[in-house]
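Numbering (UniProt numbering), first residue to last: 1 to 193.
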């Protein structure tokens, strides 16, 4: 019975709830994550190690702990729900639908911070508007960290994709960025632990 449920899964669940400090938003589930039914389950994915390394959670966690994140004020979702081996096969319509779904999710749960896990997510949630100001709306190479625009009136923090395939950012550089999030939520986090 379990195997049948695993093969009929079409997406991973969102783990959200009231009082979230941070909502982590991935691009879309990878094939391994979908196969095991947990977020960021790729063998080389650094997400779980970064969460603990930055002290956003009080104990080491793995993909099987994804449903526990809300107890520490952390939510997790994906912009696009369809699993793929990489982002190359994702369609513009999927980004548009994902943006609308994320907007609704953020309005419903009101996290304090949206943490985008992947540099390509910034132009995906803030698409350029046609016209003369298009070039100025989102820089061609956005920088990680706090973003000047808000999404659904919520602060946005941009992080590199934690996949091990992302060789542009070392673990240490990513850990420093995750630690900024810890600093932004330190008071609330202390009251949960």
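Think of the CB as a built atom: it goes at the ideal place given N, C-alpha and C, for glycine as much as any other residue.
Just so you know, these numbers come straight off a predicted model, no measurement behind them.
request  = Reducing DSSP to helix, strand and coil, say where residue 157 ends up.
outcome  = One-based indexing of the chain shown puts residue 157 at position 157. Residue 157: strand per DSSP, three-state reduction.
task = Could you check if residue 161 is buried or exposed, using at least 16 other CB atoms within 10 Å of its CB as the buried criterion?
result = To locate residue 161, count along the chain shown from 1; it is residue 161. The residue is buried, with at least 16 neighbouring Cβ atoms inside 10 Å.
query = For the stretch 54 to 94, which segments carrying the beta strand (DSSP E) assignment without a break, of at least 3 residues, lie completely within its bounds, in sequence order?
reply = 74 to 78
key: Closest residue to residue 118 among 70, 66, 77, 108 (Cα-Cα distance)   = Position 118 of the chain shown holds residue 118. Closest option to residue 118, Cα to Cα, is 77.
message = Measuring straight from C-alpha to C-alpha, what distance separates residue 61 and residue 93?
response = By one-based count along the chain shown, residue 61 stands at place 61. By one-based count along the chain shown, residue 93 stands at place 93. Cα to Cα, residue 61 sits roughly 34 Å from residue 93.
message = Going by DSSP, what residue range makes up the beta strand (DSSP E) through residue 26?
response = The sequence position of residue 26 within the chain shown is 26, counting from 1. Where residue 26 is concerned, the enclosing beta strand (DSSP E) stretches over 22 to 26.
inquiry  = Pop quiz: residue 28 and residue 67 are said to be a contact at Cβ under 8 Å. What is the actual Cβ separation, rounded to whole angstroms?
reply    = On the chain shown, residue 28 is found 28 positions in, with the first residue counted as 1. On the chain shown, residue 67 is found 67 positions in, with the first residue counted as 1. Not confirmed; about 19 Å, so no contact.
task = Identify which residue in 18, 39, 57 has its Cα closest to the Cα of residue 181.
result = Start at 1 with the first residue of the chain shown, and residue 181 comes out as number 181. Closest option to residue 181, Cα to Cα, is 57.
task = Alpha carbon to alpha carbon, how far is residue 165 from residue 87? Give it in angstroms, no decimals.
result = Here residue 87 refers to the residue found at position 87 when the chain shown is read from its first residue. Here residue 165 refers to the residue found at position 165 when the chain shown is read from its first residue. Cα to Cα, the separation comes out at about 12 Å.
request  = Go ahead and label residue 185 buried or exposed: buried means 16 or more other beta carbons lie within 10 angstroms of its beta carbon, across all protein chains shown.
outcome  = Mapped onto the chain shown, residue 185 falls at position 185. By the 10 Å Cβ count, residue 185 comes out buried.
ask   = Can you name the residues that DSSP bridges to residue 113?
value = By 1-based counting over the chain shown, the position of residue 113 is 113. According to DSSP, which records beta bridges pairwise, residue 113 is partnered with 22, 155.
query = For residue 15, which residues does DSSP report across the bridge?
reply = Start at 1 with the first residue of the chain shown, and residue 15 comes out as number 15. DSSP, once it has assigned bridges, lists 76 as partnering residue 15.
query = Can you pull the DSSP bridge partners for residue 146?
reply = As a working mapping, residue 146 is identified with position 146 in the chain shown. BP columns for residue 146 point to 157.
message = Measuring straight from C-alpha to C-alpha, what distance separates residue 80 and residue 112?
response = Your numbering for residue 80 matches position 80 in the chain shown. Your numbering for residue 112 matches position 112 in the chain shown. Their Cα atoms are separated by approximately 21 Å.
message = Is the beta carbon of residue 16 closer than 9 Å to that of residue 63?
response = Sequence index remark: in the chain shown, residue 63 carries index 63 (1-based). Sequence index remark: in the chain shown, residue 16 carries index 16 (1-based). Their beta carbons are not under 9 Å apart, which means residue 63 does not touch residue 16 by this criterion.
task = Report all residues from its chain with a CB closer than 7 Å to the CB of residue 90; omit the five preceding and five following residues, and keep chain order.
result = Locating residue 90 in the chain shown gives position 90, counting from the first residue. Counting only Cβ-Cβ distances below 7 Å, and skipping sequence neighbours, we find 28, 80, 84.
ask   = On the three-state DSSP scale, how would you describe residue 118?
value = Here residue 118 refers to the residue found at position 118 when the chain shown is read from its first residue. Here residue 118 sits in coil by DSSP.
key: Where the alpha helix (DSSP H) through residue 33 begins and ends   = The residue given as residue 33 occupies position 33 in the chain shown. Segment 31 to 36, the alpha helix (DSSP H) holding residue 33.
task = For residue 13, collect the residues of the same chain with a Cβ closer than 8 Å to its Cβ; drop the 5 residues on either side in sequence, then sort them by chain order.
result = For the purposes of this step, residue 13 is taken as residue 13 along the chain shown, with counting starting at 1. If we look at residue 13 and ignore the five residues flanking it on each side, its Cβ neighbours are 67.
key: Expected contact under 8 Å - CB spacing of residue 124 and residue 99 to nearest Å   = For the purposes of this step, residue 124 is taken as the residue at position 124 of the chain shown. For the purposes of this step, residue 99 is taken as the residue at position 99 of the chain shown. The pair is a contact, with the Cβ atoms about 7 Å apart (cut-off 8 Å).
key: Distance between residue 65 and residue 74 (C-alpha atoms, nearest Å)   = By 1-based counting over the chain shown, the position of residue 74 is 74. By 1-based counting over the chain shown, the position of residue 65 is 65. The straight-line gap from Cα to Cα measures roughly 12 Å.
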